[in-house]
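Notes to accompany the following structure.
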Amino acid sequence: MGALFPEPAGAWLERQGRGHSVRLGVKVAGIKRDGDGWLVESGGDAAAERFDAVVLATPAPVSAALLAGFSEAAEVVAQLEAFTHEPIATCYLQYAPGTRLALPFYALLDDPAANRWGQFVFDRAQLDAAQDGLLAVVVSAAAEAASLPREQLAAAIASQLAQDFGRPELATPSWTQLITEKRATFSCTPGLVRPGNITALPGLVLAGDYTASDYPATLETAVRSGQAAATAIRAYGALPREKRSLSHADGAASGDSVR
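Position 185 of the sequence shown, counting from 1, maps to 185 under the UniProt record's numbering, and the rest follow consecutively.
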């Protein structure tokens, strides 16, 4: 996924020669208002750096922590802290070289009551020949599945594949590996209020799959949120500097500019 978009985007920015800088593995420890701009603190001995605006594209819990000290952001912080999260599990199953599915991926019919947990299966060799014989099965909203012993869940998924494809050999992979991301997506619960991109803090907008959208936490939602955040920041940057101390609720940087 990194090679599909983030890495080319970072390389493109570096080529522009307009002061762009892509820094990996640098944690933001805090943000502070500084006149009409922002100070971004990376912690340790590094000095804070000043920026005209900030796009806060961190996960909801991290965003809530970074905004906790701003009274203007109290409503947004409360919304961010109201999120609960669901895990997504991926089970990798290695089979003999040459083991293939007819298509690169399939949707599977899950039924936890019948010990059928898999929802999607990907034939990794059809994406990368070096992963010959490797299948990856995804289980979304996997809290119940993740509570099972790893070996038991992997065995159940292998059995499900063998049954669904009518191929007994899929029940006995040579090895399995289960990776569970515990906070992979937020729970779409009734009454959940998702914050918009615009905040009451001048020059600070939110971006992420958790922001207000017609979709749940998907890649499409994340892209749309990023585009909306960029539109809002460009509108804010077009304001005369003497007006940048105003809230986003005023002038050209209003929420209407994101439509």
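Glycine included, each C-beta is placed from N, C-alpha and C at the ideal position.
The three-state secondary structure of residue 51, taken from DSSP, is strand. For the pair residue 206 and residue 195, the CB atoms are nearer than the 8 Å cut-off. With a threshold of 16 other beta carbon atoms within 10 Å, residue 160 meets it and is buried. Distance from residue 94 to residue 67 at the Cβ level is roughly 44 Å; contact not present, criterion being Cβ atoms closer than 8 Å. If you look at residue 123, you'll find it isn't in any alpha helix (DSSP H); it sits in the beta strand (DSSP E) that goes 120-123. Here residue 90 carries a strand assignment [DSSP, helix/strand/coil]. Within 10 angstroms of the beta-carbon of residue 16 lie fewer than 16 other beta-carbons, which makes it exposed. When secondary structure is reduced to three states using DSSP, residue 77 falls in the helix class. Per DSSP, residue 175 is one residue of the beta strand (DSSP E) stretching across 175-186.
Under the three-pair Cβ rule at 8 Å, the region 74-82 does not count as touching the region 158-175.
Within its own chain, the residues whose Cβ lies closer than 7 Å to the Cβ of residue 55, once the five positions on either side in sequence are excluded, are 205, 207, 229 and 233, listed in chain order. Scanning 123, 57, 2 and 163 for the CA closest to the CA of residue 91 turns up 123. Here residue 84 really is in contact with residue 187; their C-beta atoms are around 5 Å apart, less than 8 Å.
A straight line joining the alpha-carbon of residue 231 with that of residue 57 spans about 14 Å. Each residue's CA atom was taken as its position, placing residue 51 and residue 89 some 38 Å apart. Residue burial is scored here from C-beta neighbours: residue 136 has at least 16 other C-beta atoms within 10 angstroms and is therefore classed as buried. Here DSSP, grouped into helix, strand and coil, assigns residue 117 to coil. Going by C-alpha positions, residue 156 is about 22 Å away from residue 125. Annotation: the continuous beta strand (DSSP E) that includes residue 34 extends over 30-34.
Distance check between residue 105 and each of 111, 242 and 118 places 118 closest, using alpha-carbon atoms only.
Taken in chain order, the complete alpha helix (DSSP H) segments of 4 or more residues contained in the region 142-175 are 143-146 and 150-165. Apart from the 5 residues on each side of it in sequence, residue 193 sits with its Cβ closer than 8 Å to the Cβ of 79 and 82 in its chain, given in chain order. DSSP lists 121 as the beta-bridge partner residues of residue 106.
DSSP places residue 37 in the uninterrupted beta strand (DSSP E) bounded by 37-41.
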